[in-house]
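Working notes, beginning with the structure itself.
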Amino acid sequence: MFSPGLVETVISIFNDIISAESSSQKNKGDHFSSALTNARIWNSLQKHAIADSKTFAEYYSNPWLRLVCLSYLGPAYRITAQVNVVRPGGRPQVSHRDYHLGFQPPERVIEYSTTAHAASALLTLQGAVAHGDMPLESGPTRLLPFSQHFPQGYLATSIEEFRTYFEKNYVSLPLSPGDGLFFNPALIHAAGQND
Numbered sequence: 153m154f155s156p157g158l159v160e161t162v163i164s165i166f167n168d169i170i171s172a173e174s175s176s177q178k179n180k181g182d183h184f185s186s187a188l189t190n191a192r193i194w195n196s197l198q199k200h201a202i203a204d205s206k207t208f209a210e211y212y213s214n215p216w217l218r219l220v221c222l223s224y225l226g227p228a229y230r231i232t233a234q235v236n237v238v239r240p241g242g243r244p245q246v247s248h249r250d251y252h253l254g255f256q257p258p259e260r261v262i263e264y265s266t267t268a269h270a271a272s273a274l275l276t277l278q279g280a281v282a283h284g285d286m287p288l289e290s291g292p293t294r295l296l297p298f299s300q301h302f303p304q305g306y307l308a309t310s311i312e313e314f315r316t317y318f319e320k321n322y323v324s325l326p327l328s329p330g331d332g333l334f335f336n337p338a339l340i341h342a343a344g345q346n347d
């Protein structure tokens with residue numbers, strides 16, 4: 153999806169951003185792990201644009217990225233981007249759904265109608281681009297096939313029995329630098345363990 157040369161340049165830019173942010177006292181990690189375990193760049197889209205507008209334009213004008221977004225979201229889509237690096241020895245994320253109810257406690261999620269749960273998945277496309285070799289041992293994204301059809305998915309991910317089911321039934325794909333992986337955001341997923 154992305155050329156190796158462009159990926160290498162973008163990796164360098166992201167590493168510079170991670171390095172600069174890791175020295176900040178605000179850098180406390182994310183909802184899954186500490187800053188020592190994972191490296192995270194929130195709003196990497198804007199930070200990339202500021203750091204190097206030329207590679208930003210080249211990266212985000214990729215025709216495949218546009219085609220994937222158009223096919224799922226239609227012509228008025230918007231892109232947001234975050235970087236997540238699970239460092240060697242990093243633990244897997246807890247299985248979850250993302251937008252728009254994904255990181256709220258179950259007591260809050262249950263207040264939303266089933267329609268809101270279903271509509272949420274139609275408003276966003278989830279994607280990942282590999283910026284390095286990701287053999288299965290490195291913990292590429294874990295996906296639970298067909299879980300996007302489970303209407304109670306936002307609630308199920310908080311139940312221990314469901315998390316155990318996820319751990320026994322997920323699939324992962326090895327990725328090479330520049331590979332893209334796109335999926336319905338209602339698909340229950342998690343970053344894997346980096347052995």
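One rule links them: number in our numbering = place in the sequence shown (from 1) + 152. Even glycine gets a Cβ: it sits at the ideal position worked out from N, Cα and C.
- [ ] Would you kindly work out how many angstroms separate the C-alpha atoms of LEU288 and SER176, rounded to a whole number?
- [x] Taking the sequence shown and counting its residues from 1, the one referred to as residue 288 is at position 136. Taking the sequence shown and counting its residues from 1, the one referred to as residue 176 is at position 24. In a straight line, the C-alpha of LEU288 is about 32 Å away from that of SER176.
Task: Nearest neighbour of PRO297, chosen from ASN336, THR232 and TRP194 [CA to CA] - done: As a first step, residue 297 is located in the sequence shown; it is residue number 145 there, counting from the start. Answer by Cα proximity: ASN336.
Task: Rounded straight-line distance, which links the Cα of ASN321 to that of GLN345 - done: Here the question's residue 345 lines up with position 193 in the sequence shown. Here the question's residue 321 lines up with position 169 in the sequence shown. GLN345 and ASN321: Cα-Cα distance of roughly 15 Å.
Task: Secondary structure of LEU274, DSSP reduced to three states - done: Here the question's residue 274 lines up with position 122 in the sequence shown. Helix at LEU274.
Open item on the list: Taking 9 Å as the threshold (C-beta atoms), are PRO257 and SER310 in contact?
Closed with: Within the sequence shown, the letter at position 158 stands for residue 310. Within the sequence shown, the letter at position 105 stands for residue 257. For SER310 and PRO257, yes; Cβs fall inside 9 Å.
Open item on the list: I'd like the span of the beta strand (DSSP E) that includes GLY332, first residue to last.
Closed with: Position 180 of the sequence shown holds residue 332. 332-335 is the span of the beta strand (DSSP E), which, as asked, contains GLY332.
Open item on the list: Count Cβ pairs between the stretch 188-201 and the stretch 233-246 that sit closer than 8 Å; are there 3 or more?
Closed with: yes
Open item on the list: Just verifying my parser: in three-state terms, what is the DSSP assignment at ASN190?
Closed with: Your numbering for residue 190 matches position 38 in the sequence shown. Residue state, collapsed to three classes: strand.
Open item on the list: Quick check on the DSSP output: the alpha helix (DSSP H) that includes ASN167 runs from which residue to which?
Closed with: Here residue 167 refers to the residue found at position 15 of the sequence shown. Here the alpha helix (DSSP H) through ASN167 covers 156-174.
Open item on the list: Let's test the definition: count the other Cβ atoms within 10 Å of the Cβ of THR293 and tell me whether it reaches 16, buried, or not, exposed.
Closed with: The sequence position of residue 293 within the sequence shown is 141, counting from 1. Buried.
Task: Rounded separation between GLU210 and GLU312 - CA only - done: The residue given as residue 210 occupies position 58 in the sequence shown. The residue given as residue 312 occupies position 160 in the sequence shown. The alpha-carbon atoms of GLU210 and GLU312 are separated by roughly 43 Å.
Open item on the list: Am I right that SER272 and LEU253 are in contact with their C-beta atoms under 8 Å? What's the rounded C-beta distance?
Closed with: On the sequence shown, residue 272 is found 120 positions in, with the first residue counted as 1. On the sequence shown, residue 253 is found 101 positions in, with the first residue counted as 1. SER272 to LEU253, Cβ: 6 Å. Contact.
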